[in-house]
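Chemist: Chains as they are written, first to last, in my numbering: chain A, 1 to 141; chain B, 142 to 295. For every residue, glycine included, the Cβ atom is placed at its ideal position computed from N, Cα and C.
(1) Starting from the beta carbon of residue 112(A), find every residue of chain B whose beta carbon is closer than 8 Å, and list them in chain order.
(2) Checking 7 Å against the spacing of the C-beta atoms, do residue 209(B) and residue 231(B) come in under that value?
(3) Would a check of beta-carbon distances place residue 42(A) closer than 7 Å to chain B?
(4) Determine the burial state of residue 3(A): buried for a count of at least 16 other Cβ atoms within 10 Å of its Cβ, exposed for fewer.
(5) Taking DSSP as the reference, what is the three-state secondary structure of residue 121(A)?
(6) Consult DSSP for residue 62(A) and reduce its assignment to one of helix, strand or coil.
(7) Taking the alpha carbon of residue 141(A) as the point to measure from, which residue in 101(A), 25(A), 9(A), 66(A) has its own alpha carbon closest?
(8) Does residue 170(B) have its Cβ less than 7 Å from a Cβ in chain A?
(9) Let me check one thing: in DSSP terms, what residues is residue 260(B) bridge-paired to?
(10) Run down chain A in chain order and give the residues with a C-beta less than 7 Å from the C-beta of residue 225(B).
(11) Please state whether DSSP places residue 254(B) in a helix, a strand or coil.
(12) Does residue 115(A) get closer than 7 Å to chain B when you measure Cβ to Cβ?
(13) I'd like the list of long-range same chain contacts for residue 56(A), defined as Cβ closer than 7 Å, with 5 residues on each side in sequence excluded.
(14) Rounding to the nearest angstrom, what Cα-Cα distance links residue 90(A) and residue 99(A) in this structure?
(15) For residue 206(B), which residues of its own chain have a beta-carbon under 7 Å away from its beta-carbon, when the five flanking residues on both sides are left out?
(16) So the beta strand (DSSP E) residue 3(A) belongs to, where does it begin and stop?
(17) Taking CB distances under 7 Å as the criterion, tell me whether residue 287(B) reaches chain A.
(18) Assuming contact is defined by CB atoms lying nearer than 7 Å, are residue 211(B) and residue 253(B) in contact in what I supplied?
(19) Comparing the C-beta of residue 187(B) with each C-beta of chain A, is any distance below 7 Å?
(20) Do you know offhand how far residue 78(A)'s Cα is from residue 84(A)'s?
(21) With a threshold of 16 other CB atoms inside 10 Å of the CB of residue 62(A), please say whether the residue is buried or exposed.
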């Protein structure tokens, strides 16, 4: 299942909570809409920087688990808490490679017709919005 | 809804700052008119936010985007500021929905425009048009890029 979302999107946080217990292979792609969520792109870059240190999903979970703490000092706390290298994180999150990765995700979403977050792709079909019980059951099947 | 190959109907609308935009002012550029039901309704908000994110790419391809709804210029201004949009928004306010009607996308029952995209060529001819099957279905920005590619190839 492919999911397009951003880390400053309450509906994505809700969808994430619902999907957490479903055991499937998940691909999360960044779809930061900055005009709506000013921190979305910064957070996407931070997540990709953490991914370079191998702790992507732990960081992903921590962002959605606490949507009230998304400023830089909070991110540094999370990075320290995960036992990662903060200096490296600070360099990586501003790197071109990370920016290109996020751009690539966003563009693939646009090309696939994504217009809102979250949008889940299940069996190749787009499902915009928080998944309902039917969709969750189909994902788990 | 207006079909490709027909001349775009003449119109004169004001944008969020009260500046006039006429059909004639679009001559020489490729234009996409984004008809949508209303400012501040949640679905339109997502649609224009996403278009805003790809605006740089569209402008690089030589395309100018305009939003059109029945809201007043003052509402458009507030909506633009709220969303952080730079896409100009045209007020199809008086007579209400007149331009949407000329393009065949006005929804008489609800008093708003349908969700529709119309691409107008530099020669002011309609090159492509798309109407969403329901107001809840948002046309993705991919449709604009696909139309541009098809049009460039033609």
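Modeler: Concretely, from the data shown:
(1) 281, 283
(2) yes
(3) no
(4) buried
(5) strand
(6) helix
(7) 25(A)
(8) no
(9) 173(B), 269(B)
(10) 35
(11) strand
(12) yes
(13) 47, 50
(14) 13 Å
(15) 173, 175, 192, 196, 199, 228
(16) 2-5
(17) no
(18) yes
(19) yes
(20) 9 Å
(21) buried
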